[in-house]
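J.: Respectively, the protein sequence lines represent chains A and B. Take the first sequence: its position 424, counted from the start at 1, is 424 in UniProt numbering, and no numbers get skipped. Take the second sequence: its position 461, counted from the start at 1, is 461 in UniProt numbering, and no numbers get skipped. The beta carbon of each residue, even a glycine, is placed where N, CA and C say it ideally should be.
Number of protein chains: 2
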Amino acid sequence: MLRTIENGKLRLEHVGQSVELVGWVAKKRNFGQLVFIDLRDRTGICQLVFDESFSEKTKSIRNEYVLHVKGSVHQRKDANPDLATGEVEVLVTELEIINSAKTTPLIIADETDALEDTRMQYRYLDLRRPIMQKRLMMRHAITRSMRDYLDHQDFIEIETPMLGKSTPEGARDYLVPSRVHPGQFYALPQSPQLYKQLLMISGFERYYQFARCFRDEDLRADRQTDFTQVDIETSFLSEVEIQTMMEEMMVKLMKEVKGIDIQAPFPRLTYEQAMNRFGSDKPDNRFGMELQDITDIFTNSSFKVFQNVIESKGSIKAIVVPDFAQGLSRKKQDAYTNYAKKNGAKGLVILKADEKDLTGSARKFLSDEEVQNLFERLELKANDAVFIVSDTWLKTCTALGALRNQIGSQLGLKKKNEFSFLWVIDFPMFEWSEEEQRYQACHHPFTQPKAEDIPLLDTDLSKVKANAYDIILNGYELGGGSLRIHDNQLQKKIFEILGLSDEEIRNKFGFFIDAFQYGTPPHGGLAFGLDRIAMILSESDSIRDVIAFPKNASASDPMSKAPSNVDPKQLEELHIEITK
Amino acid sequence: MLRTIENGKLRLEHVGQSVELVGWVAKKRNFGQLVFIDLRDRTGICQLVFDESFSEKTKSIRNEYVLHVKGSVHQRKDANPDLATGEVEVLVTELEIINSAKTTPLIIADETDALEDTRMQYRYLDLRRPIMQKRLMMRHAITRSMRDYLDHQDFIEIETPMLGKSTPEGARDYLVPSRVHPGQFYALPQSPQLYKQLLMISGFERYYQFARCFRDEDLRADRQTDFTQVDIETSFLSEVEIQTMMEEMMVKLMKEVKGIDIQAPFPRLTYEQAMNRFGSDKPDNRFGMELQDITDIFTNSSFKVFQNVIESKGSIKAIVVPDFAQGLSRKKQDAYTNYAKKNGAKGLVILKADEKDLTGSARKFLSDEEVQNLFERLELKANDAVFIVSDTWLKTCTALGALRNQIGSQLGLKKKNEFSFLWVIDFPMFEWSEEEQRYQACHHPFTQPKAEDIPLLDTDLSKVKANAYDIILNGYELGGGSLRIHDNQLQKKIFEILGLSDEEIRNKFGFFIDAFQYGTPPHGGLAFGLDRIAMILSESDSIRDVIAFPKNASASDPMSKAPSNVDPKQLEELHIEITK
């Protein structure tokens, strides 16, 4: 063993001991005849002291050289309180230069001003920065904690195929031409959905998998070509039983990884409540400014815009931003209006409160009574700003929810070291597709409608709710799932409602429906986005900070981003040809 | 919760308790007015008793129906000693039929006579067989044990990209056309080799990953389109230190998963010793019949075949099969001769021992002194059979090793419940390719040659040994690895020896060689084949028994085997066209 102890672990208790250390040169400086080197390994940094006998050898050493030293641990005269090892130093007696290093194109430190492009091109150096190492170590701590929980609950990890048939997840599949079956293609999995349901039919009862999933979509800041999903499925459990387990898993995770006690059960909001109060099906409840319904105040409004909404049974809702009116310039108001429009609103009413009245361009359309009612309903105080959207219920909620999030961010209300979990439940089973002029499955076609809503399948699809649920953390969807249909007839009915012909059903899902005939248990589960959990817990903004070798649309990453041109012979073997 | 206890866990201590159970009907039989049902879940089977009040309801129940029952636990009058729950039964008071089941196309039992094709087509039912569930549970127990060891040794699990550039592993890559970069292709990884070395350059020091790896090769009984590799890499450790850790991991694994104490350190054979003694670089040392060198006995042989071999500095080797001569018919001898030829031998000499002499068609070419020497050297006894091959050293070893394995199997010497580990070390660095008339890397081009053999790089490549090692279990290669080159100059030299031009080096490995310039630590590791470990420990012959949804060249598996025809529009988007 080249080392007897890791650099970051040296403490006063080691004074007087002989040690061997290895690591990278983080800093070198001369002080008279002495040379000081900070030697870094993954555990931290330790100060080495070389006396003049090493002056020839240390001359050549530069940052990021790899060293192996022997020496003795001494107490430092001038302790460095910023460093865990700051009370000691190692007086070197033997030095071996294991490897040299060119000047690195980015500085190996937590803070970096390197461009994203440079970081990607030299990812192996970017990952040498201690903060990046900590993030990937935290990601590992997260998987360990989750696995540990699931193992203790007798879940079985089972790997499912990477090369299979297309599954009906909605996004585009990555295709893989088959050499053995010319002209045919495998698909990379978008999720193990069908397999995990088959495993329940097989009687495994509790399954999990840390599964790589693929979607052939454009790269975005928070979207990679592939992602890691913590995929969980159970048999014989109710929705609440599944959720309770997942809460236990999260409580344990937060304690072990972040040292934070969180309380279970988490708040549960129905989809409708979440939209009504937060204008989002993934509410960020770290801050207030909730949406408030004010439709009834304007039942007899003379304001044309409100009149129309009332007539078409739409909604009028407001958010109040306290102490925000002053400084809300015309320019800022325009920006918020544009933001609301970008999120689907036709317009945005902005009013400023003083002691008793409201000001703003829409004030003239409001009666004094309406203003009075607003003051009471919204508990307005002087200098409050009021943002009002009126439209269909969904559009009003969505636009105002987006605005709430935007202002919450701007006001710094989304504290990265605060962690707020909740469940959104009772999602609608179907959503109307304007484009296709028919109902589509909100979640996926295997989701179980709520038992009490089954009669509605024949009368009003818009009102059917599903046993579907999402777990939300800080406004991000951490995961989502549902109970699945285990009744063959009901599954067929749902397929029919979704407009699949018998032939389509047979072609696409024939084997799957067949499987349901041989004793299918009630089952359900959910899937977590691991990358996202890791991002939030490591208090980063970028999913790329918690993936060792991410893809980046703009950067020139030689390892993972740019695919390769392929030997024409290989394409010939695959029976494919590149067009244009 | 539908159940209060799992079926397989019911014992005498539960007598008198009220319980709720769920599961599948494994067997139903009538006994007078009573109906008995064996209810199965993943933990086992429990006997239910229904009195006549249920006779109407139980009439419809058939095998594999899913039931939910309430009842009370009673002691059985006629205990079933074959069943863990055989001392108790549950007298049912409430019955809910959760789901029905058609007659299954294969019997849900450990023993099955179903064809491979049927098992694959109805894999979800094949997996319902308790023995298959146990195998997949064992696979999970294996990964848990290995992860646990690695976590406690401060290894960090890091995921590496699935869509990347081709890596130089030798086999064919699966190609994935890129939608974003028309005409270009990603490759699915054959191993995370380059990434894990980059992670060492990044300073992670100890990395592991349960990595899916892909090779676009024909399916075989023990080869899938993809496999799972336990990929491990370390910095600053010696070959022996790495091996010692892996031994600790295996000792723990065997204890936890099989309840077996194995001894470390494992035997270490050099490649040369392994070939000399077992005629294989993955020796099965559960049985003897080792190869014995008898070249010197025939220095002055008058047997033409041996003479030629002696002259060309080849090897003559023998294996002795005790008590095997009787019954070794002419027909069997021909079969062994053919087997030896199939494995590269020009012929096979078979001799039978009696008290003092040998018989066989080659006896007449041997002198009495030679026979005497054979008797002494090989410690022959009456009724021993002697098999001799003479050829170049490698061909002699290989053919005789194959024969040894074959006879060992036939004699039942490869006991599935015996587990024998060993290391094969000191592999050659290069092997001569007859086809390409040049030296190739035995392991891969990043393998470190032994320090003492570096001068041989300029004089005799055939003699250069590498810091490369395989871990063997029962004649299977469980895993293999090496120390890697961490010196830029040496890496370039190896590339040159392998005949790569400067341009090829730059194109293929430019970024990789660049990375080595920024402070690369000494590093090395290895990779285990998880599927194979699971197969051997579950005492199965087929890799498909430990993969939930395997591919099968011959079977019609609707989920995973046959890829799909693709919508021509999708191909157009990918800028590819199917030829012919």
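Residues of chain A with CB under 7 Å from aspartate 216 of chain B, in chain order?
T.: Result: Arg179.
J.: My guess is that glutamate 227 of chain A and aspartate 531 of chain A are in contact by the Cβ rule of under 8 Å, so how many angstroms apart are they, rounded?
T.: In the sequence on display, residue 227 of chain A carries phenylalanine and not glutamate. The Cβ separation is near 5 Å, so the contact holds.
J.: State the CB to CB distance for the pair aspartate 41 of chain B and glutamate 205 of chain A, rounded to an integer number of angstroms; the pair is presumed to be in contact (CB under 8 Å).
T.: Contact flag correct, Cβ pair sits at about 7 Å.
J.: When DSSP labels each residue in this structure, what does tyrosine 476 of chain A get in the three-state scheme?
T.: Correct three-state label for tyrosine 476 of chain A: strand.
J.: Please confirm if threonine 579 of chain B has its CB atom under 9 Å from at least one CB of chain A.
T.: Threonine 579 of chain B counts as touching chain A.
J.: Is isoleucine 471 of chain A close to chain B? Criterion is C-beta to C-beta, closer than 9 Å.
T.: With 9 Å as the cut-off, isoleucine 471 of chain A does not count as an interface residue toward chain B.
J.: Starting from threonine 337 of chain A, follow the alpha helix (DSSP H) in both directions and report where the run begins and ends.
T.: Residues 330-342.
J.: Pop quiz: isoleucine 319 of chain A and leucine 351 of chain A are said to be a contact at Cβ under 8 Å. What is the actual Cβ separation, rounded to whole angstroms?
T.: Not quite, the Cβ-Cβ distance comes to about 11 Å (not below 8 Å), so this is no contact.
J.: Measure the beta-carbon distance from glycine 475 of chain B to aspartate 284 of chain B and round it to whole angstroms, keeping in mind my assumption that it falls under 8 Å.
T.: That pair is a contact at about 3 Å.
J.: Taking Cβ-Cβ distances shorter than 9 Å, what residues in chain A pair up with serine 212 of chain B?
T.: One detail in the question is off: residue 212 of chain B reads as arginine in this sequence, not serine. Those are Glu159, Met162 and Arg212, listed as they occur along chain A.
J.: Just verifying my parser: in three-state terms, what is the DSSP assignment at asparagine 30 of chain B?
T.: Here asparagine 30 of chain B sits in strand by DSSP.
J.: Taking isoleucine 30 of chain B as the reference, which of B:Ser55, B:Gly259, B:Arg286 and B:Leu39 has the closest Cα?
T.: Here residue 30 of chain B turns out to be asparagine, not isoleucine, going by the sequence shown. Of the candidates B:Ser55, B:Gly259, B:Arg286 and B:Leu39, the one whose C-alpha sits nearest the C-alpha of asparagine 30 of chain B is B:Ser55.
J.: At 7 Å on the CB atoms, spell out the chain A contacts of methionine 137 of chain B, in chain order.
T.: Ile156, listed in chain order.
J.: For alanine 555 of chain B, does the three-state DSSP call read helix, strand or coil?
T.: Note that alanine 555 of chain B scores 48 on pLDDT, short of 50, meaning its location in the model is unreliable; the coordinates nonetheless yield the value given after this. Reduced to three states, the DSSP call for alanine 555 of chain B is coil.
J.: Rounding to the nearest angstrom, what Cα-Cα distance links glutamine 570 of chain B and cysteine 213 of chain A in this structure?
T.: Cα-Cα distance, rounded: 19 Å.
J.: With 16 other CB atoms within 10 Å as the buried threshold, where does tryptophan 432 of chain B fall?
T.: Looking at its Cβ environment, which holds fewer than 16 other Cβ atoms inside 10 Å, tryptophan 432 of chain B is exposed.
J.: In angstroms with no decimal places, state the Cα-to-Cα distance between aspartate 216 of chain B and arginine 3 of chain B.
T.: Between aspartate 216 of chain B and arginine 3 of chain B, the C-alpha separation is close to 46 Å.
J.: Counting only the same chain and skipping the five closest in sequence on each side, list residues whose C-beta sits under 6 Å from that of lysine 115 of chain B.
T.: Sequence inspection shows leucine at residue 115 of chain B; the lysine mentioned does not correspond to that position. Nothing meets the Cβ criterion.
J.: Please report the distance separating the alpha-carbon of serine 202 of chain B from that of leucine 12 of chain A.
T.: Whole-angstrom Cα-Cα distance: 29 Å.
J.: What residues in the segment 495-516 of chain B bring their beta carbon closer than 7 Å to a beta carbon of chain A?
T.: Listed in sequence order: Phe511 and Ala515.
J.: Quick check: what's the CA-CA separation for alanine 400 of chain A versus isoleucine 156 of chain A?
T.: Before going on, a small fix: residue 400 of chain A reads as leucine here, not alanine. Roughly 43 Å between the two C-alpha positions.
J.: Counting only C-beta atoms, is glutamate 241 of chain A closer than 9 Å to chain B at any point?
T.: Output row for glutamate 241 of chain A: interface = yes.
J.: Which class does leucine 39 of chain A belong to by DSSP, given the choice of helix, strand or coil?
T.: Three-state DSSP puts leucine 39 of chain A in a strand.
J.: Please decide whether residue 581 of chain B counts as near chain A, where near means a Cβ-Cβ distance under 9 Å.
T.: Nothing about residue 581 of chain B can be read from this structure; chain B reaches only from 1 to 580.
J.: Please identify the residue among B:Glu256, B:Val88 and B:Asn383 whose C-alpha is closest to the C-alpha of glutamate 355 of chain B.
T.: Checking every option, the nearest Cα to that of glutamate 355 of chain B belongs to B:Asn383.
J.: Anyone know if the C-beta pair for valine 35 of chain A and valine 19 of chain A falls short of 9 Å?
T.: No, the pair does not count as a contact, with Cβ atoms beyond the cut-off.
J.: List, in order along the chain, the chain A residues whose C-beta lies closer than 7 Å to that of phenylalanine 421 of chain B?
T.: Correct list: empty, because the minimum Cβ distance to chain A is about 23 Å.
J.: State yes or no: is the beta carbon of tryptophan 393 of chain B nearer than 9 Å to at least one beta carbon in chain A?
T.: Cβ-Cβ to chain A under 9 Å: no for tryptophan 393 of chain B.
J.: Curious, which full-length beta strand (DSSP E) runs of at least 3 residues does the segment 490-529 of chain B contain?
T.: Runs found: 523-529.
J.: Looking only at its chain, what residues have a beta carbon closer than 7 Å to the beta carbon of valine 88 of chain A, apart from the 5 residues adjacent to it on each side?
T.: Hits under 7 Å: Leu10, Arg11, Leu12, His14, Val15, Val73, His74, Gln75 and Arg76.
J.: As a quick exercise: from A:Glu64, A:Phe210 and A:Asn552, pick the residue whose alpha carbon is nearest that of glutamine 517 of chain B.
T.: Of the candidates A:Glu64, A:Phe210 and A:Asn552, the one whose C-alpha sits nearest the C-alpha of glutamine 517 of chain B is A:Glu64.
J.: Determine which residues of the segment 398-432 of chain A have a Cβ less than 8 Å from any Cβ of chain B, and write them out in chain order.
T.: Those would be none; no residue qualifies.
J.: Please return the same chain residues whose Cβ sits closer than 6 Å to the Cβ of arginine 62 of chain B, not counting the five positions on each side in sequence.
T.: Excluding sequence neighbours, arginine 62 of chain B sits near nothing in its chain.
J.: Quick check: the Cα distance between arginine 377 of chain B and glycine 288 of chain B, rounded to an integer number of angstroms?
T.: So the two alpha carbons sit approximately 16 Å from each other.
J.: I want to verify the contact list: residues of chain A whose CB lies under 7 Å from the CB of valine 22 of chain B, in sequence order.
T.: In chain order: Phe236.
J.: Which parts of the segment 232-292 of chain B are runs of the alpha helix (DSSP H), unbroken and 4 residues or longer, counting only runs that do not cross its ends?
T.: List check, alpha helix (DSSP H) in window: 239-253 and 271-278.
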